[in-house]
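Everything below concerns the one structure shown next.
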Amino acid sequence: MILWNGRFRELYPIAGGIVEPGVRYEDVLRESARRGQFDIPPGEEEAWLASRIENFRCPALDPLETRLAGDRWTLVSTRRTTDGGTVASYVDITRRKRLEAALADLTQVSASAAGSTRERIVAGLDVGSRYLGLSTGV
2 MILWNGRFRE LYPIAGGIVE PGVRYEDVLR ESARRGQFDI PPGEEEAWLA
52 SRIENFRCPA LDPLETRLAG DRWTLVSTRR TTDGGTVASY VDITRRKRLE
102 AALADLTQVS ASAAGSTRER IVAGLDVGSR YLGLSTGV
């Protein structure tokens, strides 16, 4: 790594303690993962590291979302420079991810409530139709 700023150290406090001029990105990533900087499922550490290192060497067009320890998230955009180097930018998207999760929970609760309301209506129609001797067709 050649350049980084204070915000990088804030986003990645564990990595921030490892970063020094000339340290390879792969080494920073590997050591940060070993120290628990990232939320990587057990047993998937090597595959996760390999995919991140590959993305750094051959950047994807789309940014990568990275889950950090402590339920924090970053969006990593990596691009090649004209001289063959790599530039990566990191954006804290924790708030966005928490809002997305809250919206998903709300949608699920809403769907459950709608389903139970529908079931109550159908049950009510069924009782009413039996009382009147009608078929609801529901």
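Start counting the sequence shown at 2; every next residue gets the next number (this note's numbering).
Note that the Cβ used here is the ideal one computed from N, Cα and C, for glycine as well.
Just so it is clear, the structure is predicted and the values come from calculations on it, not from any experiment.
- Beta-bridge analysis with DSSP links Arg-73 to Leu-69.
- Nearest Cα to Phe-9 within the set Arg-99, Asp-63, Ser-90: Ser-90.
- Beta-bridge annotation (DSSP): Ser-33 is not paired with any residue.
- Counted as a single uninterrupted DSSP element, the alpha helix (DSSP H) harbouring Ala-48 occupies residues 46-58.
- Burial check for Ala-16: the Cβ neighbour count within 10 Å reaches 16 or more, so the residue is buried.
- Counting every other CB atom within 10 Å of its CB across the protein chains shown gives Val-88 a total below 16, marking it as exposed.
- If the five residues before and after Val-29 are omitted, its C-beta is found closer than 8 Å to the C-beta atoms of Met-2, Ala-16, Ile-19, Val-20, all from its own chain and listed in chain order.
- 9 Å or more divides the Cβ of Trp-74 from the Cβ of Thr-108.
- The secondary-structure analysis by DSSP pairs Phe-39 across a beta bridge with Leu-69.
- CA-CA distance, Leu-100 to Ala-70, rounds to 18 Å.
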